[in-house]
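4 protein chains.
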Amino acid sequence: MVGIGVIGYGYWGPNLVRNFSQISDAGVVAVCDQRAQRRALVESLYPNTKAYGDVHDIIADPAVDAVVIATPLSTHFDIALQALQGGKHVLVEKPFTASAAQAEQLVEIAEKRRRILMVDHTFIYTGAVRKLKELVDRGGLGQLFYYDSLRVNLGLFQHDVNVLWDLAVHDLSIMDFVLGQRPSMIAATGVAHIPGQPENLAYLTCHFENNLIAHFHVNWLAPVKVRRTLIGGSDKMVVYDDLEPSEKIKIYDKGVTVDLGDRPEDVIPLLVGYRAGDMLAPQLDLTEALDIEARHFVDCITRDRRPLSDGQAGLRMVRLLEAASRSLAQRGRPVDICWED
Amino acid sequence: MVGIGVIGYGYWGPNLVRNFSQISDAGVVAVCDQRAQRRALVESLYPNTKAYGDVHDIIADPAVDAVVIATPLSTHFDIALQALQGGKHVLVEKPFTASAAQAEQLVEIAEKRRRILMVDHTFIYTGAVRKLKELVDRGGLGQLFYYDSLRVNLGLFQHDVNVLWDLAVHDLSIMDFVLGQRPSMIAATGVAHIPGQPENLAYLTCHFENNLIAHFHVNWLAPVKVRRTLIGGSDKMVVYDDLEPSEKIKIYDKGVTVDLGDRPEDVIPLLVGYRAGDMLAPQLDLTEALDIEARHFVDCITRDRRPLSDGQAGLRMVRLLEAASRSLAQRGRPVDICWED
Amino acid sequence: MVGIGVIGYGYWGPNLVRNFSQISDAGVVAVCDQRAQRRALVESLYPNTKAYGDVHDIIADPAVDAVVIATPLSTHFDIALQALQGGKHVLVEKPFTASAAQAEQLVEIAEKRRRILMVDHTFIYTGAVRKLKELVDRGGLGQLFYYDSLRVNLGLFQHDVNVLWDLAVHDLSIMDFVLGQRPSMIAATGVAHIPGQPENLAYLTCHFENNLIAHFHVNWLAPVKVRRTLIGGSDKMVVYDDLEPSEKIKIYDKGVTVDLGDRPEDVIPLLVGYRAGDMLAPQLDLTEALDIEARHFVDCITRDRRPLSDGQAGLRMVRLLEAASRSLAQRGRPVDICWED
Amino acid sequence: MVGIGVIGYGYWGPNLVRNFSQISDAGVVAVCDQRAQRRALVESLYPNTKAYGDVHDIIADPAVDAVVIATPLSTHFDIALQALQGGKHVLVEKPFTASAAQAEQLVEIAEKRRRILMVDHTFIYTGAVRKLKELVDRGGLGQLFYYDSLRVNLGLFQHDVNVLWDLAVHDLSIMDFVLGQRPSMIAATGVAHIPGQPENLAYLTCHFENNLIAHFHVNWLAPVKVRRTLIGGSDKMVVYDDLEPSEKIKIYDKGVTVDLGDRPEDVIPLLVGYRAGDMLAPQLDLTEALDIEARHFVDCITRDRRPLSDGQAGLRMVRLLEAASRSLAQRGRPVDICWED
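Chains as they are written, first to last, in this note's numbering: chain A, 315 to 655; chain B, 315 to 655; chain C, 315 to 655; chain D, 315 to 655.
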């Protein structure tokens, strides 16, 4: 029985409490929030759960084996550090930390203390993204050409982070999980249209080896909601539309055919053709991702396993976001990414 | 009665002949194509139209008042130059020319010889794009924030030009017409996935004054066909979906509200809100764009008027494409655009 | 402060408890369910709410001013009758009762005892349906031609009632509310494809005066989910798509133009034309319908007002369903409806 | 080389001439139209084709081996009769004839004279409908439950026939081809909203053996264009959306599971479940249906084969339409269909 402590009971915290409460070999023993009103809400809904106002207290609680940190980004590092030092396992909301240096430090201490450190890259626990990874891993798409992602909507404006750190982190973590490759160069451009506010629209490009390119469009101020990714390969192409109720993944047996046989060079143009075939929308596991993720966290703790979205995955995302921020500050100049390992 | 000569009877030529044939105060008096088979087709379909094999002959024909050039890009300049020097009015397919220097020279000679010089930016003659321009000109969108365009499909691979010169030129000409502003900086990145072939996928960004940004995604190898543009303004936002059969333009009365009154700075975050209202899909003129454009060309000739898509417009597009090509060669490094006027 | 007692804590009961709990001048003081497990759930979630196992007890509870009946259809009449006789106000799930005779008796006793009797026709409390009614009431559609409704999906199979009593009752109540007219004839046809189960697919037609026709397609075994209604009028036409996230109502300024001037009869065919104009998707109130409905019930009790979906409305729906069942038994033979008032 | 004569050069005639002109072993040798203006158009477009004003003349022309009749319905019988008696093969537009008696007579004479008699049920020659037939024939859908068809739009109002004879004939011929079964009972209801005009909206139901039901909604006055058919079977279900550019057929591996094992009767309700699986959109042959059909007609003539849409198929459709008209006249009373063979 793993005792869970949830730190931060704002927008996401209630979802975390609800999901961890449903797991048989875990229990939400404590919640922490600075706001008395939020604590009162916890107490009325969950009479058996302690409600702390101070982070030190929840970390000091011996009934708490693991903490889930759902506070603003700027506080992630300090809280996670204290928790790890206090011997707790840690699950942190995305984005993991505000800098790669912070992320590295947390990874290191978790390793040393042999604690589970996991980052809440929720989407990689959806049936759709797991199916995408399976497709790519089996090689069914052929040589990968591009990964193109669109995530736009109207209605959620953040104040502490810009649209890259808020929205693109979702898509970067999906890309990281599905492609299993690291980009060598990144470029980002974006604009802050509301005075005094962070960038609300951004475009981000990642360059990989072998001509693979990834591109992300994130936008807080679009009139319509779109969450669609295209993945193009030499053999098949995929459309992943997260807003489709059930057919979220469509696999198109379409592609380019190239015949580069021993013909004179000027004939080559005629040898590029198109191929069309069936489209398949595979059945997906529609279980709530957070449920799967919460069970995975508990499972990693009880069996001492490495999470799919471990601290290293969180660190990779922060590195990409840091590099993107450097490019953004130079109006889109591409910057190399140093992976250092 | 304006005598029209169509040069190049390949993919687009038949559409030009058909549309110019329907205009009462014009007539297609001659067609020119190097291929005997294409000339035979013209002769069987239009017994009263002369079919030339040599460009010099059609230009020398005194019955030809104006030529329409629908040949490969690399030949546009030479043919247009001859035609203007021969005293003909000229309509050239997009992209106008292979370089800005060529475009400038054509503009200059057309001015000097007082001939109409027009570029076939077909989309600006559609009811949808004219409605967009009307909206922007009336100021109904408020301050313009962004212009985001997506034009992808599977099925047409060019060999002589890359995807920017083939597809993005459509969107750049729409943007140029609708926004009526010139970008000061441009960046483009793209990939050629088929060995020996031009770039088949590209992303292009244009920066304007006042934080206006435009972005274009063009792709020859997508599994689905999409032609959608989002225009975001401070008051309203527009979705222009060219594949919708009738409701191509949707105007959303949505936006961000910002109250920056005399409140303490730390309260500002709370003052950004969202506003939602009706959506209107205005009735559009669904007349074939090429019909309107052909009539406009004839009208400009007979009334000595300046075409909407004149040589200057063509030149602007070639300048953008040249700058984009420079950026593309540097993997997306932003380049300044010098408008020199 | 109105004391609410909810009878039946199965699929819909929890939604009722949740919504009535949020109303400031009402409180859910008791819940009744025969199943001990459901009562235990109520007790753990709502420690201050009494959990009864017997209907007589909850009706006898003096703290209960009004009961909400969310039990199987076959029990509606008995429970509602007891509750009204016990002096309680009553809100009954749809369909109201299993027969018109039962419905009439409940209406009568509610009148006599001066109790509020309301039926849970949830959809008429949505922003979309209220907007439809507003449109029709203002006469904006012109003369009404047809009302065509489609409600199909895969995933909910009832065993005690057929698809008409389960799904069509939603659409009939929307139609009744929006059109404000009563059909004079009804026809229904349907099939039970699963042995021993009720009809899972049905088509129902209502004939009104002045050539207005309404048609309903309801289906439990469709591969896709569709909830779409078309309303055609002489001036405008409406598409109501309940699955659209925000633009649920689209008003098309389209129609037929007829010129029946003093011309010879054989020319008439030429005088029917089409008219196309803008399409407008008005902003809708997206508040949860059940919240609005619960407040309306409480409001009717405290101010002694007649509910929008009163017992008479429930009776009208049961009359239509009874007539539909008679037609269904005769494979679609149209039957007259006697309104008797 | 089959000499084709096209009778009627109105809306559909030009398509027929264009398609028959493209067939190598056939030629359009003559066209017939009463209107001098239409004949002049034929002469200018096809100088080698004779243009007759009188039906007798085109039938008397010995160069004409087969006639294609694209005239108003009321004239089909007389012209087809003359043509068959004149020894010509005959292809007639849908609907075949105005009465079953007429259709029978034509079938008989064609048999006697050993001439090909074919009806232009265009849709059965599309790749989509041929794929549907293949699916049903292979038994992939399991036991057939229902066939539900929706064909509505705004913009084509006929004056000589009502919406059943104009639109439903398409869907009836698709159903007839795909299901390969004949309904035993039919019901139709509809309304004429424009004074002096035929019914513009109708609903039609066909009952087959084994609980199979088919339903058709046809409407000339809808604000949106929809052409969608659902086919439900015990194993799989199909959506056929003719307006989809390429994925017109979607096969859903969804269905109802029923376990009727030896359990007590009152448990049965619990044994109905749902099953969900992949969705497949098979690649379709997108060749223009009329091209395939024209070649099939010529092929049947040259090889003396029976057309897929022969006179018998045309007769079946007219029988259904006649029965539907009888039902329509009785406001939807179901009528039995006597197949007499």
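Glycine included, C-beta positions come from ideal geometry on N, C-alpha and C.
- Counting the other CB atoms within 10 Å of its CB gives Pro409(D) a total of 16 or more, which places it among the buried residues.
- In summary, Thr519(B) is buried, with 16 or more beta-carbon neighbours lying within 10 Å of its beta-carbon over all protein chains present.
- Residues of chain A whose Cβ lies closer than 7 Å to the Cβ of Asn525(B) are, in chain order, Val505, His507.
- When 8 Å is used as the limit between beta carbons, Asp592(A) is near these residues of chain D: Leu594, Ala595, Pro596, Gln597, in chain order.
- Thr503(B) counts as buried, since no fewer than 16 other beta carbons sit within 10 angstroms of its beta carbon.
- For the options Arg428(B), Asp347(B), Asp371(B), the alpha carbon positioned closest to that of Arg617(B) is the one of Arg428(B).
- Interface flag for Glu448(B) against chain C is unset, since no Cβ pair is found closer than 8 Å.
- Leu493(A) carries a helical assignment under DSSP once its states are collapsed to helix, strand and coil.
- Taking one beta carbon from each stretch, the region 427-447 of chain B and the region 598-608 of chain B have 3 or more pairs nearer than 8 Å; the two touch.
- Counting only runs of 3 or more residues that sit fully inside the region 317-392 of chain A, the beta strand (DSSP E) segments are 340-346, 364-366, 380-383, in chain order.
- Identification of residues in the region 533-550 of chain D having a C-beta nearer than 7 Å to some C-beta of chain C yields Leu535, Ala536, Pro537, Val538, Leu544, Gly546, given in sequence order.
- By the Cβ-count criterion, Glu636(A) is buried, with 16 or more other Cβ atoms from all chains shown falling within 10 Å of its own Cβ.
- Fewer than three beta-carbon pairs drawn from the region 325-343 of chain B and the region 536-555 of chain A are found closer than 8 Å, and the two stretches are therefore not classed as touching.
- At a cut-off of 8 Å, the C-beta of Glu561(A) has a neighbouring C-beta in chain D.
- Beta-bridge partners assigned by DSSP to Ile606(D): none are found.
- For Asp451(D), the enclosing alpha helix (DSSP H) has its first and last residue at 441-451.
- When secondary structure is reduced to three states using DSSP, Lys539(A) falls in the strand class.
- Residue burial is scored here from C-beta neighbours: Lys364(D) has at least 16 other C-beta atoms within 10 angstroms and is therefore classed as buried.
- According to DSSP, residue pairing for Glu561(D) in a beta bridge does not occur.
- Judged by DSSP in its simplified three-state form, Glu654(D) adopts coil rather than helix or strand.
- Within chain C, the residues Arg645 have their CB atoms less than 8 Å from the CB of Met499(D), given in chain order.
- Within the model, the alpha-carbon separation for Pro559(A) versus Gly569(C) is close to 33 Å.
- Partner residues in the beta bridge of Gly504(A), as assigned by DSSP, are Ala516(A).
- The CB of Leu486(A) never comes closer than 8 Å to any CB in chain B; the least such distance is about 17 Å.
- For His370(B), the closest Cβ of chain A is not nearer than 8 Å.
- Spanning the alpha carbons of Ser358(B) and Phe437(B) requires a straight line of approximately 31 Å.
- Fewer than three pairs of CB atoms, one per stretch, sit closer than 8 Å, so the region 457-464 of chain A makes no contact with the region 378-389 of chain A.
- Cα atoms of Leu405(C) and Trp479(C): separation of roughly 18 Å, rounded to the nearest angstrom.
- No Cβ-Cβ contact shorter than 8 Å links Gly322(A) with Asp375(A).
- Beta-bridge pairing by DSSP links Ala528(C) to Tyr461(C), Cys520(C).
- About 7 Å separates the beta carbons of Leu420(C) and Leu395(C), which is inside the 8 Å limit, making them a contact pair.
- About 20 Å separates the beta carbons of Glu418(B) and Leu622(B), which is beyond the 8 Å limit, so they are not a contact pair.
- With a 10 Å radius around the Cβ and a threshold of 16 neighbouring Cβ atoms, Arg352(C) comes out buried.
- For Gly587(A), the enclosing beta strand (DSSP E) stretches over residues 586-589.
- Considered as a whole, the region 400-427 of chain C harbours 403-407 as its complete beta strand (DSSP E) runs of no fewer than 3 residues, in chain order.
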